[in-house]
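A.B. asks: Before I ask anything, let me first share the structure, which is written out below as structure tokens.
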Amino acid sequence: MNLKNFELLYQGAEAKLYKGIYLGKTVLAKERFKKCYRHPELDGIITKERMKAESRAIVRCKSAGIRTPTLYLVDYRRRIIILEYFEDCLNMKEYINKYCESESLEELSIQVGKMIGKMHSINVIHGDLTSSNILLVKKKKSEGFILKNLDLVLIDFGLAHIESTTEDKGVDLYVLERALLSTHSVAQDLFKNILEGYASENKKAFKEILIKYDDIRARGRKRTMIG
Amino acid sequence: MVIAIGFEGSANKLGVGIIKDNEILSNCRKTYISPPGEGFMPKETAIHHRQNILAVLKQALDEANIKPNEIDVVCYTKGPGMGAPLACVSVVARTVAQIWNKPLLGVNHCIGHIEMGRSVTGANNPIVLYVSGGNTQIIAYSRKKYRIFGETIDIAVGNCLDRFARVLKLSNDPSPGFNIEQLAKTGTKYHAIPYCVKGMDVSFSGILSYMEEKSSKLLKNGYTVEDLCYSLQETIFAMLVETTERALAHVGSKEVLIVGGVGCNLRLQEMMRIMCEERGAVLFATDERFCIDNGLMIAKAGLEMFNAGIRMKWEDCGITQRYRTDDVDVTWRKD
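So the protein sequences, as listed, match chains A and B. Using my numbering, the first residue of the first sequence is number 7, and each one after it goes up by one. Using my numbering, the first residue of the second sequence is number 49, and each one after it goes up by one.
This is how it looks when you write it as structure tokens:
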């Protein structure tokens with residue numbers, strides 16, 4: 007496997023993303039390049055751990071009916087995983103900025119909440135939930151970006167892990183809330199609806215997770231800071 | 049022309065500094081050093097500050113070669129920090145402000161670090177990594193606040209280092225972190241210890257527990273003290289660099305500024321510089337004179353506040369142990 011004919015799309019903090027053709031399909035290659043500042047042994051451990059966690063979470067989510075990119079290849083030696091490439095899509099952040107009329111946003115955030123609730127019910131913790139990590143993909147190319155024609159796809163499981171405790175699920179929600187607050191002016195309403203959707207999907211555990219989440223929020227805001 | 053004097057004593061460092069606009073007139077410091085195997089306690093630290101503050105104040109005035117009546121504003125650390133030492137230093141600041149009949153300003157300690165770092169290095173709008181014995185935060189400026197993007201969810205990185213030094217019974221002179229840094233230079237054998245990053249947040253308490261539990265066993269199994277210091281530094285600094293890089297990518301900034309006591313660690317600076325070079329960003333860092341708590345940084349932040357027209361009523365000039373970086377309205381910045 008090499009990335010000779012691949013085109014570099016973006017360099018994130020974690021990895022470089024390339025677009026190219028693999029087995030006749032348009033794909034996304036995610037290369038976790040070597041971090042020279044890290045001790046090579048530590049770098050190797052972290053990279054392998056995260057590639058493993060990412061692949062596992064992607065597959066586990068699929069089995070619960072959450073749409074995630076198809077996984078084509080995991081190559082530890084080259085530090086690459088190859089994933090499905092989505093054409094005709096926006097991420098949630100772009101969608102919010104473009105179509106800020108409130109009704110579709112309400113429905114969208116309820117759907118997002120349901121998706122996260124479902125994910126937590128199978129004990130997958132995403133670890134980095136933001137509005138950029140949720141894709142809206144067209145079902146029919148010929149139709150526009152209207153909610154009825156869009157599928158939700160969850161991406162970027164680089165910090166994901168499997169965990170059944172309410173603590174980690176609460177932290178996951180808290181991370182999402184903070185990310186929304188720093189990017190969107192309508193964050194408060196969005197998050198309220200997300201919690202509503204979440205509750206409808208993850209009924210049994212919701213009460214406990216909500217208590218934990220309130221706990222974590224309080225910890226975040228009032229944490230003692232000693233010079 | 050404005051002359052500001054700053055009093056700092058939120059932890060075991062006692063400092064008085066004097067600044068005239070951007071010109072440093074003096075920056076004097078005295079550190080309370082606890083015996084090996086022990087940390088500094090609020091009571092003893094406050095006693096140390098009380099016994100030394102007048103001498104440090106006199107030294108700062110002498111070195112700056114100015115008279116009290118030339119000073120325009122008296123600044124002191126309002127918080128965050130340990131209660132007793134903060135109170136002790138604030139009493140002195142309030143007293144001299146009344147004797148000299150000057151306005152008094154209470155400064156947020158973290159803002160002091162950030163403004164001093166920006167002023168010394170010339171960094172314009174950096175992502176700030178603030179790492180010290182009490183704090184670990186990744187900060188970016190936006191809409192008149194220094195906003196916290198990531199922070200430790202339990203203990204600070206410096207606290208983790210200090211307490212590890214206690215496990216090994218290293219000397220606290222000049223500081224436990226400095227001694228770990230020197231030992232780590234000759235460490236060669238890397239031992240993989242837990243690595244704990246959660247999004248843009250980090251956690252150190254589990255790592256410390258691991259080291260407390262395993263150290264004696266590892267020392268018997270062929271690892272030296274140097275190797276352990278080396279392994280710990282490599283791991284926790286990698287966590288800091290990784291989360292800083294996340295913030296850089298998220299905000300789209302090209303500058304990184306490291307402040308706080310741990311910030312003068314040269315290995316941390318080196319790792320951060322490599323990361324910056326890989327992304328086409330620039331690293332700004334300072335040496336121990338400005339990184340480690342000092343009075344000058346309080347004077348510098350106070351001077352910015354004074355110039356922006358901020359004045360405090362006497363009844364507001366107390367202290368607070370909890371005072372978050374994002375509680376302060378940064379009215380002095382124009383962007």
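The C-beta atom is built at its ideal place from N, Cα and C for all residues, glycine as well.
At the level of alpha carbons, what is the spacing between residue 266 of chain B and residue 59 of chain B?
C.D. replies: 33 Å
A.B. asks: Looking only at its chain, what residues have a beta carbon closer than 6 Å to the beta carbon of residue 11 of chain A, apart from the 5 residues adjacent to it on each side?
C.D. replies: 26
A.B. asks: Please check if any C-beta of chain B sits within less than 8 Å of the C-beta of residue 126 of chain A.
C.D. replies: Not closer than 8 Å to any Cβ of chain B, the Cβ of residue 126 of chain A fails to qualify, so no.
A.B. asks: Select from the stretch 42-76 of chain A all residues with a C-beta closer than 9 Å to any C-beta belonging to chain B, and list them in chain order.
C.D. replies: Under the 9 Å Cβ criterion, the stretch 42-76 of chain A contributes 42, 43, 44, 45, 46, 47, 48, 49, 51, 52, 55.
A.B. asks: Under three-state DSSP, which class holds residue 165 of chain A?
C.D. replies: coil
A.B. asks: Buried or exposed for residue 348 of chain B, going by 16 or more other Cβ atoms inside 10 Å?
C.D. replies: buried
A.B. asks: Within a Cβ cutoff of 8 Å, which residues of the same chain sit near residue 13 of chain A, ignoring the five residues on either side of it in sequence?
C.D. replies: Here residue 13 of chain A has 24, 25, 26 as same chain residues with Cβ atoms under 8 Å from its own Cβ, once five neighbours each way along the sequence are excluded.
A.B. asks: Please check if any C-beta of chain A sits within less than 8 Å of the C-beta of residue 72 of chain B.
C.D. replies: no
A.B. asks: What does residue 323 of chain B reach in chain A if we use C-beta pairs closer than 7 Å?
C.D. replies: Per Cβ cutoff of 7 Å: 43.
A.B. asks: Based on the DSSP secondary-structure assignment, which residues constitute the bridge partners of residue 104 of chain B?
C.D. replies: None; residue 104 of chain B has no bridge partner.
A.B. asks: Would you decide whether residue 37 of chain B is buried or exposed? Buried here means 16 or more other CB atoms lie within 10 Å of its CB.
C.D. replies: The first residue shown for chain B is 49 and the last is 383, placing residue 37 of chain B beyond what the model contains.
A.B. asks: Tell me whether residue 218 of chain B sits in a helix, a strand or coil according to DSSP, three-state version.
C.D. replies: coil
A.B. asks: At least one CB of chain B closer than 8 Å to the CB of residue 165 of chain A: is that the case?
C.D. replies: yes
A.B. asks: Within 10 Å of its beta-carbon, does residue 8 of chain A have 16 or more other beta-carbons around it, so buried, or fewer, so exposed?
C.D. replies: With fewer than 16 other Cβ atoms within 10 Å, it is exposed.
A.B. asks: Helix, strand or coil for residue 364 of chain B per DSSP?
C.D. replies: Under the three-state reduction of DSSP output, residue 364 of chain B falls in the helix class.
A.B. asks: Go ahead and pull the three-state DSSP assignment for residue 202 of chain B.
C.D. replies: The answer is coil: DSSP assigns residue 202 of chain B none of H, G, I, E or B.
A.B. asks: Which residue marks the beginning of the alpha helix (DSSP H) containing residue 256 of chain B, and which one marks its end?
C.D. replies: 253-268
A.B. asks: Quick one: which unbroken beta strand (DSSP E) runs of 3-plus residues sit fully inside the stretch 93-171 of chain B? Chain order, please.
C.D. replies: 121-127, 152-156
A.B. asks: Quick one, which of A:196, A:189, A:64, A:122 has its alpha-carbon nearest residue 207 of chain A's?
C.D. replies: Residue 207 of chain A has its Cα closest to that of A:122, out of A:196, A:189, A:64, A:122.
A.B. asks: For a quick check, are the C-beta atoms of residue 78 of chain B and residue 132 of chain B less than 8 Å apart?
C.D. replies: no
A.B. asks: Alpha carbons only, please: which of B:362, B:72, B:352 is nearest the one belonging to residue 114 of chain B?
C.D. replies: B:72
A.B. asks: List the DSSP bridge partners of residue 233 of chain B.
C.D. replies: Note: residue 233 of chain B sits in no beta bridge, so no partner.
A.B. asks: For a contact meaning CB atoms closer than 8 Å, what does residue 133 of chain A contact in chain B?
C.D. replies: Under the 8 Å cutoff, chain B gives 246, 247.
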